[in-house]
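Chains as they are written, first to last, in our numbering: chain A, 1 to 276; chain B, 1001 to 1276.
Idealized CB from N, CA, C, for every residue including glycine.
What follows is a single structure, written as structure tokens, with notes after it.
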């Protein structure tokens, strides 16, 4: 294939966006396009500049024989702030209030392009964390977990409340649901997480943190480590949280079913120690 | 912002890829880049040519005052064939055999970038179907459904076996699981599908088709229509399928637990009447 610079820029941009966190040797591009490495290097400089300028990500270059270029998706703080403030405003609609201190979020979770953007925020936040796998709890954590995992280019492990016959041997643990103080079971197929993985736990909603705490214990059962914890929304909760360190994008700071008020603020993502 | 052509091509490529099936007025680009419409038109011609050449999609142009350009993700038959043949080979591993005529597929379903590619195949296949929403069954249909919906730029409705308290008013129906001949219940939050939608049903696995049949009935409960049915894998089944028209990517044509053999072929996607 022989493309001129203009064609190469379009094709390389698409290639990077669909191969995040993957080191690509320069020779790959020079062979595909039958072009000199010096031309490819100039193409890369253009792409890197636009990606950084537009808060899409960055292109990292590793020198040497085993070197190459890697696209790292990132979102800068300004764009993250805008995205989250817009989401918070949308979440403050009192029609979302449901019995039991829950809020209706399926319109947000059901929007694939919004979820892609939110996933990119977490992928950006945990880009240096050496994540090997993303873990989430069925059902509502799944869309966000896939968005994060796609941008980090790692597999997803789906934990379930029920035991399912269609996944072979499973590992189950008991955990205490923090808000309901009830013993529950969660399971993960043995084959669906490699031992010694570094696991990013992603979920849609956290109250006391019992489910997240359970997933952390499950990670340990697979001789693996927790790379971090990210939740879309955390709810006000009178007692101490069961999880110390987590990154939340939004926080339900007030919720009153009787007066039908709902207040949503920026989550712990925006606290100084979490900004990287 | 003032970009030269090279910068515009990178930025516009990213913009199109993240805004599929959305009509964008030419003035959007000429204003963002402070460029003449004639320059933008030349940029668009370059992007369209590369996208078509590389089986990424196409750019459609609508003329007139309300006109603009729309990126439609597509995958050509050659690339679809290669993707599906590679997947089929991977699925033929006898270690996947699980009791009860199931096969282990979480490694495939757990791979976000592969699922993105498979989702693009369905989005391409149903690109003219006027899809307003994608419906799927929790849990394992969710990743593929989101990938399809993302490429079609429509919301997702997640149907569940259980009733969940966190979604407000729900609509439930009974259905007969085709392979087990057992009456089961499926539910969908009333708010999660707009009436009069044209719904694409996506699932990971189909045996007799009872679950799909149930979702079709549920669609009708929402005064909506079925735009199509797509499944990743269909299994051999001795009796007649409960669904007449569906698009499957792969077909488990032989499966024998005792002799530990598994044969996977191309699905109905590749039949003449399904190729569009």
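- Annotated as proximal: residue 1158 (chain B) and residue 1138 (chain B), with beta-carbon spacing under 8 angstroms.
- Residue 1048 (chain B) and residue 50 (chain A) have their C-alpha atoms some 20 angstroms from each other.
- Assignment of beta-bridge partners to residue 1094 (chain B) by DSSP yields no partner.
- Under the three-state reduction of DSSP output, residue 104 (chain A) falls in the coil class, being neither helix nor strand.
- Of all residues in the region 1002-1013 of chain B, those with a C-beta nearer than 8 angstroms to a C-beta of chain A are 1003, 1005, 1006, 1007, 1009, 1010, 1011, 1013, reading in chain order.
- The straight-line gap separating the alpha-carbon atoms of residue 1216 (chain B) and residue 1226 (chain B) is approximately 7 angstroms.
- Taking C-beta atoms as the reference points, residue 1084 (chain B) and residue 1252 (chain B) fail to come closer than 8 angstroms.
- Leaving aside the five residues that flank residue 1153 (chain B) on each side, the residues in its chain whose CB is nearer than 7 angstroms to its CB run, in chain order, 1020, 1021, 1022.
- Per DSSP, reduced to three states, the secondary structure at residue 1196 (chain B) is coil, with no helix or strand assignment.
- A residue is called buried when at least 16 other Cβ atoms come within 10 angstroms of its Cβ; residue 1224 (chain B) meets this threshold and is buried.
- The beta-carbon of residue 1106 (chain B) is placed less than 8 angstroms from the nearest beta-carbon of chain A.
- Secondary structure note for residue 212 (chain A): its alpha helix (DSSP H) is the uninterrupted segment 210-221.
- The continuous beta strand (DSSP E) containing residue 251 (chain A) extends over residues 247-256.
- The C-alpha of residue 1012 (chain B) is placed about 36 angstroms away from the C-alpha of residue 1105 (chain B).
- For residue 188 (chain A), the CB contacts under 7 angstroms within the same chain, skipping 5 residues up- and downstream, are 157, 159, 170, 171, 218 in chain order.
- Rounded to whole angstroms, residue 1040 (chain B) and residue 1005 (chain B) show a C-alpha spacing of 9 angstroms.
- Distance from the CA atom of residue 1161 (chain B) to the CA atom of residue 203 (chain A), rounded to whole angstroms, is 20 angstroms.
- Residue 17 (chain A) reaches chain B at 1014, 1017, counting residues in chain order whose Cβ is nearer than 7 angstroms.
- Beyond the five residues adjoining it in sequence on each side, residue 196 (chain A) comes within less than 7 angstroms, by CB distance, of 223, 224 in the same chain, given in chain order.
- Counting along the chain, residue 1186 (chain B) sits inside the beta strand (DSSP E) bounded by residues 1182-1189.
- A Cβ-Cβ contact shorter than 8 angstroms links residue 1231 (chain B) with residue 1248 (chain B).
- The region 108-116 of chain A makes contact with the region 1137-1151 of chain B, as at least three CB pairs between them are under 8 angstroms.
- Under the Cβ criterion of 8 angstroms, residue 1157 (chain B) is counted among the residues facing chain A.
- Secondary structure note for residue 1070 (chain B): its beta strand (DSSP E) is the uninterrupted segment 1068-1073.
- In summary, residue 37 (chain A) is exposed, with fewer than 16 beta-carbon neighbours lying within 10 Å of its beta-carbon over all protein chains present.
- Excluding five sequence positions before and after residue 1025 (chain B), the CB atoms of its chain that fall closer than 6 angstroms to its own CB belong to 1068, given in chain order.
- Interface flag for residue 1166 (chain B) against chain A is set, since a Cβ pair is found closer than 8 angstroms.
- Interface annotation, residue 1143 (chain B): in contact with chain A, CB-CB separation under 8 angstroms.
- Residue 1095 (chain B) and residue 1176 (chain B) have their C-alpha atoms some 30 angstroms from each other.
- The beta strand (DSSP E) runs lying completely inside the region 105-153 of chain A and spanning 3 residues or more are 133-137, given in chain order.
- For residue 1153 (chain B), the chain A residues whose C-beta falls within less than 7 angstroms of its own C-beta are 113, listed in chain order.
- Taking a C-beta cut-off of 9 angstroms against chain A, none of the residues of the region 1067-1087 of chain B qualify.
- Counting of Cβ neighbours within 10 angstroms places residue 14 (chain A) among the buried residues, the total reaching 16 or more.
- One thing to note: residue 1110 (chain B) has its Cβ within 8 angstroms of the Cβ of residue 155 (chain A).
- Between residue 200 (chain A) and residue 134 (chain A), the beta carbon gap of about 5 angstroms places them in contact (Cβ cut-off 8 angstroms).
- Residue 206 (chain A) has A:234 as its beta-bridge partners, per DSSP.
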